[in-house]
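In what follows, a single structure is set out as structure tokens and then discussed.
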Amino acid sequence: MAAAKIPTLIYEPKGLTDMDVKIARALLSVSDKAGILDFARNLHEMGVELLSTGGTAKAIREAGIPVKDVSDFTGFPEMLDGRVKTLTPQVHAGILYMRDNPEHVKTMEEYGLGQIDLVCVNLYPFEQTIAREGTTLEEAIEQIDIGGPTMIRSAAKNMRDVTVVTDPADYARVIREMKENDGATTEAFRFLLGQKVFARVAEYNAAIATYLAEQVAGQKLAKPFVKAYSDGSELRYGENAHQKAWLYKDADSREATIALAEVLHGKEMSYNNYVDGDGALEAVKDLSGRPGVAVIKHTNPCGYATGATLAEAFEAAWAGDPVSAFGSVIAVTQKVDMETAQCLDDRFVEAVIAPGYDAEALEHLKKKKNLRILRLRKPMGKALPQRMVKQINGGLLVQDVDTQILESWAVPTKKPFDDSKKELALFGIAAAKHTKSNAIVLVQEYKPGQYRVLGMGAGQPNRVDALRKLSVTKAVENLKNENPEISEAGIQAVIGECVFVSEAFFPFSDSIDAAHEMGAKYIVQPGGSIRDDEVIDACNRHGIAMAFTGMRHFKH
308 MAAAKIPTLI YEPKGLTDMD VKIARALLSV SDKAGILDFA RNLHEMGVEL LSTGGTAKAI
368 REAGIPVKDV SDFTGFPEML DGRVKTLTPQ VHAGILYMRD NPEHVKTMEE YGLGQIDLVC
428 VNLYPFEQTI AREGTTLEEA IEQIDIGGPT MIRSAAKNMR DVTVVTDPAD YARVIREMKE
488 NDGATTEAFR FLLGQKVFAR VAEYNAAIAT YLAEQVAGQK LAKPFVKAYS DGSELRYGEN
548 AHQKAWLYKD ADSREATIAL AEVLHGKEMS YNNYVDGDGA LEAVKDLSGR PGVAVIKHTN
608 PCGYATGATL AEAFEAAWAG DPVSAFGSVI AVTQKVDMET AQCLDDRFVE AVIAPGYDAE
668 ALEHLKKKKN LRILRLRKPM GKALPQRMVK QINGGLLVQD VDTQILESWA VPTKKPFDDS
728 KKELALFGIA AAKHTKSNAI VLVQEYKPGQ YRVLGMGAGQ PNRVDALRKL SVTKAVENLK
788 NENPEISEAG IQAVIGECVF VSEAFFPFSD SIDAAHEMGA KYIVQPGGSI RDDEVIDACN
848 RHGIAMAFTG MRHFKH
């Protein structure tokens, strides 16, 4: 079989022989009026005839700028409550005809049609409408633009001859281009504007498709998953230096996100910084409402703690694994004050993410030249229900975000689970939820009402290794680092007051036996194994209290 022929790129970024098109007539029809009057005035001063519709024409006319209604251009009035304004042969022939095609030119002359050289349209504010609380389905549907997408797609299809503008940020660029080219635009410039159209229309249609799908979500129908991202920027490189990478932002995100965070200081964010930053922020959201800190290394919370103050939480989290915390990404639940900022002195951290910074704290952190300082654009809070996507080769996996902690609380063991340990257990479940499977975390109430991860085992093929070789070993190491004089009995006493949390059920009793050897007195797990009775019996033999939560938190 012969190899498929690869099409040649028509619009080369450089070295293109441009065909200039002088703009004689422009059609302006925008819902977002920002900058439109200055744009219209500049076009008029360069001799461009202006066509417009509805509110846009009214605004231009009231500003003293000559403008012709599209209805006068087409010979047909706006009708059906404005639903039909530009859906006419006069408008679309004027946009779509190819200036160097003799048959097209002949048809235009035969029917007395006039050309349109520039189309400036932004679409009905559908996204903003559905973002308003209380919007009805009827109100949303009225904001589905038909004529606008049709016009800009027509103009973009004919970008060899027509300039199309959808973004007010491009108005000044268009005027500058025309002034530099005697009222014309170049083909390369028209291509840059035209390619933006299809991204914008895809984004717009995705918002509509997603909104309408949500209206039938209760029917449990298999529905298409449609999402478009048009605001992308290239990163220095990907996970490794030989990989290219880009960040695409979802401007409609309803909650605080790492992608939309403002970078106040430091080096450019890398692909890995964003991945770890996302892990840190999503983990710390489960601590929102109190001083909380997540220290993330390779997406795992090597440090996770609450405190009476943010600085106390920071120190407790850092102590969870000081070695791994080197070069970590840190997210916090509250505004960073000076005391917390000073906690970073003599410590290397890639990035700090916070809802805000006191002025003196920010200036203090800026002394670290390479530290990336990020401020959230939306309030800190619990993660909101939404869909998450993971790409696999040949497809996408889509699922609901894991926003919950537990479904129930049942203690099947003879030994009761002390009520005073339940808040510590809930903290531990949150920590385990954000730790790669298989995961075991040991959590400690290091001060009254304040909690930290004392030891963590993440991403292991089996749960016994996560417990015996990692989480408990790390807990013992941390206790000895904090108090070199601590005895084995002292270590056993501390571990006996900790809670061991597993993010998934124990398939065998061997993990319980290992936990007992390490001094465990309290265990939390989802339950649901066919060997739950065997696991419960092991706890009863060892005098361990165990709670079932009814909710697994696998994280792959």
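In this note's numbering, the protein residues as written are 308 to 863. Every residue, glycine too, gets a C-beta built ideally from N, C-alpha and C. Because the structure is a prediction, the values reported are computed rather than measured.
So which of the options has the shortest CA-CA distance to residue i?
i    : options                   : result
T780 : D652, A821 and V481       : A821
E646 : L425, P723, A732 and E667 : E667
Q435 : L358, D489, S338 and D424 : S338
N349 : G599, L703 and G490       : G490
I482 : S635, L425 and G701       : L425
T710 : M858, E804 and A827       : M858
R460 : F655, A811 and L394       : L394
V760 : P384, A796, D585 and A623 : A623
D726 : V471, M853, A558 and V377 : M853
Does residue i pass the burial test, meaning 16 or more other C-beta atoms within 10 Å, or should it be called exposed?
i    : result
S809 : buried
K862 : buried
T492 : buried
N550 : The sequence given here places Gln at residue 550; Asn does not occur at that position. Q550 is exposed by the Cβ-count criterion.
E319 : Residue confidence for E319 is low, a pLDDT of 47 falling below 50, so the modelled location carries little weight and cannot support an answer.
A462 : buried
D653 : exposed
I343 : buried
P409 : exposed
L444 : exposed
A548 : exposed
Please report the distance separating the alpha-carbon of residue i from that of residue j.
i    : j    : result
Q649 : A535 : 41 Å
A612 : K340 : 48 Å
V398 : D379 : 11 Å
A590 : L571 : 22 Å
L588 : Y578 : 15 Å
G322 : A506 : For G322, the predicted structure reports a pLDDT of 39, less than 50, and the residue's modelled location is therefore unreliable. A value from the coordinates is still provided. If I take the Cα positions, the gap works out to 25 Å.
A553 : G545 : At residue 553 the sequence reads Trp, which differs from the Ala that was named. Each residue's alpha carbon lies about 8 Å from the other.
E417 : L403 : 16 Å
N512 : F532 : 12 Å
F433 : L500 : 22 Å
D707 : A773 : 27 Å
K604 : Y758 : 20 Å
R684 : D452 : 29 Å
K743 : I515 : 35 Å
D644 : V600 : 14 Å
V718 : K740 : 20 Å
D817 : G614 : 34 Å
E841 : F815 : 7 Å
Q832 : V806 : 11 Å
D345 : L420 : 28 Å
K503 : E521 : 27 Å
At what residues does the alpha helix (DSSP H) containing residue i begin and finish?
i    : result
I881 : The structure shown does not extend to residue 881, since the chain is modelled only from 308 through 863, so no value can be given for it.
R460 : G454 to K464
H572 : Per DSSP, H572 belongs to no alpha helix (DSSP H); it is in the beta strand (DSSP E), E569 to H572.
F433 : F433 to A438
T647 : M645 to Q649
A364 : G361 to E369
R332 : Here R332 belongs to no alpha helix (DSSP H); instead the beta strand (DSSP E) covers R332 to V337.
Y478 : Y478 to E487
Could you give the residue range of the beta strand (DSSP E) that holds residue i?
i    : result
I637 : S635 to V639
K604 : G599 to K604
E832 : According to the sequence displayed, residue 832 carries Gln and not Glu. Where Q832 is concerned, the enclosing beta strand (DSSP E) stretches over Y829 to Q832.
E657 : V656 to A661
Y808 : Per the sequence shown, the amino acid found at residue 808 is Val instead of Tyr. Residues V806 to S809.
F855 : A852 to F855
L500 : Note, L500: premise wrong, no beta strand (DSSP E); alpha helix (DSSP H) at E494 to Q522.
T613 : N607 to T613
Compare the C-beta of residue i against all C-beta atoms of chain D and say whether one is closer than 7 Å.
i    : result
K722 : Checking the listed chains, one finds no chain D in this structure; it contains a single protein chain.
Enumerate, from N- to C-terminal direction, the unbroken alpha helix (DSSP H) stretches of 4 or more residues contained entirely within the segment 682-760. Scanning the segment 682-760 for uninterrupted alpha helix (DSSP H) segments of 4 residues or longer gives 729-740, listed from N- to C-terminal end.
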